[in-house]
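Numbering (this note's numbering), first residue to last: 2 to 270.
Think of the CB as a built atom: it goes at the ideal place given N, C-alpha and C, for glycine as much as any other residue.
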Ligand code: DGL
């Protein structure tokens with residue numbers, strides 16, 4: 002099984018992209034909605050919560066866990082890779098995040114001016130800058146933390162003028178830096194993809210992060226038969242959350258874009 006971990010609902014946008022690209026695999030999704038949002042927490046707390054989520058998914062039989070959450074990927078991935086999968090005895094499982102494939106795409110596009118929006122924890126981690134600089138020299142990165150967007154999107158305030166105003170105000174600074182590309186560096190922002198594109202204007206390429214990460218997952222599986230061969234391929238999907246399965250189902254479906262049949266409660270930590 003491919004495990005997909007997120008702080009809550011947003012990772013369902015990524016799961017949806019994985020299923021579009023790779024429908025044959027079995028997926029198990031865990032959203033830690035009891036403790037979301039992660040974006041304003043410290044690195045230590047984000048790492049601990051993510052550790053618990055990753056262990057839960059491995060215990061349930063996942064061989065590959067993807068941190069769909071930008072906040073978890075930027076703050077916890079390296080530590081958890083060191084802890085959970087390094088060592089000679091561990092060859093049949095791995096943990097991946099979303100920052101590296103997105104940064105790789107940014108480098109491939111060879112932009113000189115790059116805009117990035119994300120949670121406070123993602124922006125403050127500096128991990129996007131580090132990863133982009135592995136493939137690109139001499140670029141300017143303008144980053145903006147947008148802490149109000151996650152709650153607004155979760156409340157369904159997507160088409161409200163208030164949300165557009167807040168989005169415009171967040172993007173103002175990034176737009177002023179005249180970027181060639183913009184990275185929506187948070188799971189939730191793909192829900193506002195059209196609005197972000199409208200505000201940034203036709204000259205700015207707003208990355209479709211779900212598609213980028215899904216294509217990178219396909220490449221990874223092609224290069225790692227030791228993991229790929231262990232993954233179930235019966236098109237099964239299982240959903241776990243850490244609070245109110247009813248609410249998870251209701252809000253989750255708007256992120257997932259499909260029905261969610263059954264959600265079970267996971268106990269972490
Ligand atoms: N999933 C988070 C991310 O992609 C957004 C929500 C949160 O802050 O927990 O950064």
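If you draw a straight line from the Cα of residue 195 to the Cα of residue 17, it comes to about 18 Å. With fewer than 16 other CB atoms across the displayed protein chains lying within 10 angstroms of its CB, residue 110 is exposed. The Cβ-Cβ distance between residue 30 and residue 233 does not fall below 8 Å. According to the DSSP secondary-structure assignment, residue 251 is paired through a beta bridge with no residue.
One residue after another in chain order, those with a Cβ under 5 Å from a heavy atom of the ligand DGL are 8, 11, 37, 38, 39, 40, 70, 71, 72, 120, 151, 187, 188.
Take the alpha-carbon of residue 189 and the one of residue 231: they are about 31 Å apart.
Residue range 128-134 is occupied by the alpha helix (DSSP H) that includes residue 130. Excluding its 5 nearest sequence neighbours in each direction, residue 101 has C-beta neighbours in its own chain below 6 Å: 132, listed in chain order. Closest option to residue 204, judged by alpha-carbon separation, among 115, 260, 94, 34: 115.
The C-beta of residue 156 has fewer than 16 other C-beta atoms within 10 Å across all chains shown, which makes the residue exposed.
With a 10 Å radius around the Cβ and a threshold of 16 neighbouring Cβ atoms, residue 7 comes out buried. No beta strand (DSSP E) of 3 residues or more sits fully in the segment 205-241. DSSP places residue 121 in the helix class (H, G or I) of the three-state scheme. A distance below 8 Å separates the beta carbons of residue 193 and residue 168. Residue 75 and residue 235 have their C-alpha atoms roughly 31 Å apart.
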